[in-house]
Each structure stands twice: as C-alpha cells, then as structure tokens.
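Read in order, the letters of the sequence shown are residues -25 to -1, 1 to 421 in mature numbering (1 follows the signal peptide of the UniProt record, and there is no 0). Structure, as structure tokens:
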Amino acid sequence: MKKRILSILLALCMLFCLVPITVFAAGELPDVKLSVPTTFDKTVDLTKQNGELKIKDSKTYLIKGSADPNWYFQYRIKIDGKNNTPHIFLDGVRIQAPEDGPAIELYGGASACLYFIGNDSELIGAENFAALQKNKTDGYLRVLVQTGTKLTCQGGTYGAGIGGSKVGIKNFSQGHGMNLHFGSLATDIYGGEILATSGAFGAGIGGGANGGVGEWIYVYSGKLTARSVSQGAGIGGGQGGVGRYIYIRGGTVNAGSSTCGAGIGSGDQDGQNNSEDAYHIEISGGTVNAWSNYAGAGIGGGRNGSGRDISITGGNVKAQGWWGAGIGGGMNGDSGNILIKDTTLTAQSLPLYPNPQYEDAAISGGPAVAVGRGSNRLGWTSVLFNPEFGLLHEENVKIGASDGKTVQLSATGWQWRRSQGQYEWDWGTTTELLIPNENGRVDLQP
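Here it is, written out as structure tokens:
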C-alpha cells in the first residue's frame, strides 16, 4: 500500500503537517553590531561627493544620501583591501552605477558589514554587473536592514541583484555570488525588507550569467524577496551556474525564477557541457516560499539540473515547481537524499492536470512529482503498465518528526485507471498517519 501511495499519489501535490520546531544551527558571523552607533569614525554626505567613494580601512562609517527621492549618486562605492572589514551604515542612499560597474563593490578580497537604516535605499547596477557586488572568493558580505527600512537592488543585464557579475567580465572567473549573509539571529532590530532582482540571466541573489555560482549564502532574519527575471535562480546560481551550500535559518523568504531556474538552487543547466546538481540546501527556520514559473524546481535544480542533499528541518515552507519538482530535480533532472522533518511543508509541481501538451517532444512523459525527480525522466507508458516502475528510480526521500511525533501525510495526484478497456486519468487523494522509527524518520523507499 505504501509503495502504491508513492508511485501514484505523490506525483503532483504533497502536504506535510507537523508541529514546527525551529532549530538554528551555529555558524553566524559574530561581528555584527547589535545597535546603531551614536558616533561614527567617518560621515560621508554623497551629495557633496564628486567622484567614486573608496573605503580602504575597517572603520565605522555613516553614509547619507539626498532627501530628494529623484536624486541618485552617479558613482560607485568601492570597498577595497584584503583583511579590511568596515561597518558601513547607509541612510537613504540611492546609487545609479556608472557604465562599468556595480553600485557598491567589494574588491580585492575585502569583507564588509552593510547596515541600511533610516530612509529606504536603492542600488542599480550597470550592464554585466550586480547592484551590490562581492568580488573574489575570499572575504564576505553581510547585509542588515533595519526594521521599517527597505533596500532595493536591481542588477544590470547579466548580473545578479546581489552577488556576482557576468562570468568573464574583468576576469571574474565565477561570478562570485558567494559568502553572502543576510540579517542576524542575535538581535531583532534587523527585520527590514530586501528586494533583489536580477538582470537577464543572473540570480536574484547569487551568481551572474554564464555559469555564475551561488554558494555559501545564509539568511538569518528580515524579509527577503529574491527574483531572477530569466534563467537564473531566485537564490543560487545564475544561468548555467550551480546553487549550493545555501542555509535559511530565519526570516521571511520569497525566492523565485521567472523561467528555467529554481526558486532556491541552480540556474538553467540547458546547453551546458556538464550540467551540475544543486546540492546542500538547508532550511531550519523561518517562512519560505520558493517557486519556479517554468522548467525549474521550487527548491533544487533548474532546467536539466538535478537536486540532492536537501534538508528541511524547521519553519514553514512552500515549494512549487513547474515541470520541475516542488523539491528535487528540475525538468529532466533527478533527485537524491531529501530529508523533511519537524516542519510544515506544502510541495507541488504544476500543472496539476494532464493536457495535450504532454505529447510535445520537449515535455512528454508527464508532470513532475512534488518531492523527487522532475518531468520527462519517466515515460508515461512505463507507469501505465507498471505502477511500481517509478520506485526503481526514486532516490532516498525521507520524512520524519522528533520526540515521538507522528507525521500526517496528505498526497493528491493523477493516476491511470482502466475504464471499459481504456486507460484514463483519475484524480485521487490519500491521507496517512505515519509513525517514525527510532531515528525519527519514515523511509518512503520500498
């Protein structure tokens, strides 16, 4: 009976209902300032700055913009120097990047803690560049937005909203969408809003176009909206780039890709010589909505990409793919090692019903599953004549609960049934109470 439930009814929509238990792992950077200073080492008024602002030390700055909402600083802020970690507070800063760069740039291995306070700020990147860009693989960027304040980041074409540039620009080999930290668990004053939107082919937060990698990305608090307008992930890799080592431990996250990328995970892998898996994605707290509007998983792989080593162990999560799984592989992608435990999860893959488009060569084979592989990996005729066939290809999906709790699993999907000699689609739902084993898990494999 359990095999039957999995092979047929997990196909499209799954809902797990557990008592949420938020568990936050260690690893948050320790150097965040827990309050806004009353004095600063340096104060800069951008309306009086006549060129690029360069910061080459680890001092504490206050940078102020204009009260005029139509005034933009026309130069970049460049933070330079390995081993430098300035703490920079920005109040009402609006920057339109010059033609050859981002609005704010971390350069030469520098790290920085950027605190957006007071009036809303807006950063706009030039073509090929992110709005807020971290160069090099060393150093880190930390972004904290005060409660009641909003930061808007608009990447230039081929750039991420926050993270990396187009690969190959100025010899940036990987787009450098890595080691990015948002918010803090140590204080509740950084609950403000971040809106990060890519240019074409970049990630909302993460890598740039042409294979930009998005990795070592952490979300602790705040309201974070990250969107790729095409072929990148909402959070993760740019077009052709992998998303990995992504950790969400708190806050409210809405991450999506308009086309071909995952909501959280990898960008579009179509046409890559060696498509890469999205992997090591962990959600342990917060409220998360991850979605792809075409060919990507909600959480996992982009088009032609697989998703593996994904764990959801807390919070409230919704994951929606389109031709990709809710959680797992994108269209044509597989999955592996998915753990769901101590969380409330709604996962689904759209569309939820069969239609003539399934006969198209690009997408024949039926829809994706809610948790597991993407579409087009399994011929519909194989399912029709052997309903257990899908289980031969599924890879290690586990759900569970701690402290002896039971798991309520509700699954809804389409199945084939014989009607007077003909096979037809039939919509079915099952609800099961599953009892975890001594390790707090339910193994959904045969």
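Here a beta-carbon is modelled for each residue, glycine too, at the ideal position from N, C-alpha and C. All values reported here derive from a predicted model rather than from experimental measurement.
Exposure of residue i, with buried meaning 16 or more beta-carbon neighbours within 10 Å
i, result
"Ser324", "buried"
"Ser10", "exposed"
"Pro44", "exposed"
"Asn110", "buried"
"Gly123", "exposed"
"Pro77", "buried"
"Gly26", "exposed"
"Lys29", "exposed"
"Asn185", "buried"
"Gln49", "exposed"
"Lys53", "buried"
"Glu190", "buried"
"Lys141", "buried"
"Pro326", "exposed"
"Pro12", "exposed"
"Asp243", "buried"
"Phe(-10)", "Its pLDDT being 44, under 50, Phe(-10) is placed unreliably in this model, and the value from its coordinates should be taken loosely. Classification of Phe(-10): buried, given that the 10 Å Cβ count is 16 or more."
"Lys293", "buried"
"Gly275", "buried"
"Thr288", "buried"
"Lys34", "exposed"
"Glu74", "exposed"
"Leu17", "The question names Leu, yet the displayed sequence has Lys at residue 17. It is exposed - the Cβ of Lys17 has fewer than 16 other Cβ atoms within 10 Å."
"Thr321", "buried"
"Asp6", "exposed"
"Asn59", "buried"
"Asp20", "exposed"
"Lys316", "buried"
"Ala42", "exposed"
"Asp378", "exposed"
"Thr172", "buried"
"Thr22", "exposed"
"Thr14", "exposed"
Helix, strand or coil at residue i [DSSP, three-state]
i, result
"Thr124", "coil"
"Ile144", "helix"
"Arg219", "strand"
"Val346", "strand"
"Gly251", "The sequence given here places Glu at residue 251; Gly does not occur at that position. Here Glu251 sits in coil by DSSP."
"Asn268", "coil"
"Lys380", "coil"
"Thr132", "coil"
"Tyr115", "coil"
"Arg69", "strand"
"Trp297", "strand"
"Gly174", "coil"
"Asn110", "coil"
"Gly225", "coil"
"Thr262", "strand"
"Glu257", "strand"
"Gly303", "strand"
"Asn291", "strand"
"Ser241", "coil"
"Ala184", "coil"
"Gly211", "strand"
"Ala230", "strand"
"Gly138", "strand"
"Gly275", "strand"
Element boundaries [beta strand (DSSP E), containing residue i]
i, result
"Asp284", "282 to 287"
"Ile63", "62 to 66"
"Ile92", "87 to 92"
"Arg202", "198 to 203"
"Glu190", "189 to 194"
"Lys373", "372 to 375"
"Ala322", "319 to 325"
"Pro153", "One detail in the question is off: residue 153 reads as Met in this sequence, not Pro. From DSSP, the beta strand (DSSP E) with Met153 extends over 152 to 157."
"Asn312", "310 to 316"
"Tyr165", "No beta strand (DSSP E) holds Tyr165; DSSP gives it neither H nor E."
"Glu74", "Segment: none, Glu74 is in no beta strand (DSSP E) and carries neither H nor E."
"Ser96", "96 to 99"
"Glu80", "79 to 82"
* **In chain order, each beta strand (DSSP E) run of at least 3 residues that lies wholly inside the stretch 6 to 60** => DSSP runs (the beta strand (DSSP E)) wholly in the stretch 6 to 60: 17 to 20, 28 to 30, 35 to 39, 52 to 55.
* Validate contact between the stretch 192 to 205 and the stretch 171 to 180 using beta carbons, cut 8 angstroms, 3 pairs -> yes
* For the 8 angstroms Cβ check, are there 3 or more pairs between the stretch 229 to 249 and the stretch 154 to 165? -> no
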